[in-house]
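Enquirer: In case it helps, full-length UniProt numbering puts the sequence shown at residues 1 to 131.
Ideal placement from N, C-alpha and C gives every residue a C-beta, glycine not left out.
So that we are looking at the same thing, I have put the structure below in structure tokens.
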Amino acid sequence: MPRITGLDHLVLTVMDIKRTLAFYGDVLGMQADVFEAADGTLRTALHFGLQKVNLHQADGPFAPHAEVPMPGSADLCFLTDIPLMDWIAHLASHQVLIEEGPVARTGATGRINSIYVRDPDGNLIEIAVKV
């Protein structure tokens with residue numbers, strides 16, 4: 001039987017790509033990338049580790065796209081090796097409110113401790129460190 005071996009990228013539908021780039025770049029430390037897609041259109045992505053998040057503008061989604069491309073509907077968990085107390089101080093310096101945490105959770109490979117914030121579109125962003 002065929003099997004899936006990993007996740008290459010995911011897509012976030014956003015209201016304002018520049019605002020999204022500022023949050024994920026300045027606050028979460030991701031790298032912005034504008035690239036030419038196979039069809040010749042310019043696309044925008046956020047890179048971190050070996051993964052990326054492609055960004056789709058809500059009023060001009062690329063095809064194909066999600067059945068209901070909606071800003072603010074994502075719930076994402078990002079792993080870090082930086083202590084959560086350092087993240088809490090960093091987020092406060094950017095006026096980003098902690099919605100919940102630190103709290104114990106279970107991730108894909110075991111126990112994690114997490115804090116939760118919202119991005120500019122209202123997506124729930126979990127920042128987690130492995131226990």
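State the start and end residues of the unbroken beta strand (DSSP E) segment that holds Arg-43.
Expert: Taken as a continuous stretch (DSSP letters only), the beta strand (DSSP E) holding Arg-43 covers 42 to 48.
Enquirer: Three-state secondary structure (DSSP) at Leu-28?
Expert: coil
Enquirer: Give me the Cβ distance between Tyr-24 and Met-15, rounded to the nearest whole Å; I'm assuming they're in contact under 8 Å.
Expert: Not quite, the Cβ-Cβ distance comes to about 14 Å (not below 8 Å), so this is no contact.
Enquirer: Quick one: what's Ser-114 bridged to in DSSP?
Expert: Val-103, Ala-128
Enquirer: For Arg-19, I'd like the list of residues in its chain whose CB is within less than 6 Å of its CB, leaving aside the five on either flank, ordered along the chain.
Expert: Pro-120
Enquirer: Are Glu-100 and Ile-112 touching if we call contact CB-CB under 9 Å?
Expert: no
Enquirer: Report buried or exposed for Glu-67, applying the criterion of at least 16 other Cβ atoms within 10 angstroms of its Cβ.
Expert: exposed
Enquirer: If you follow the beta strand (DSSP E) that Asp-75 is in, where does it begin and where does it stop?
Expert: 75 to 79
Enquirer: Exposed or buried, what is Pro-36 when buried is set at 16 or more other beta-carbons lying within 10 Å of its beta-carbon?
Expert: In the sequence as presented, Pro is not what sits at residue 36; that position holds Glu. Exposed: under 16 other Cβ atoms inside 10 Å.
Enquirer: Out of Thr-106, His-56, Ile-88, point me to the one whose CA is closest to Cys-77's CA.
Expert: Of Thr-106, His-56, Ile-88, the residue nearest in Cα terms is Thr-106.
Enquirer: Taking the DSSP output, what are the residues bridged to Glu-36?
Expert: Leu-42
Enquirer: To the nearest angstrom, report how far apart His-94 and Phe-62 are at their CA atoms.
Expert: 31 Å
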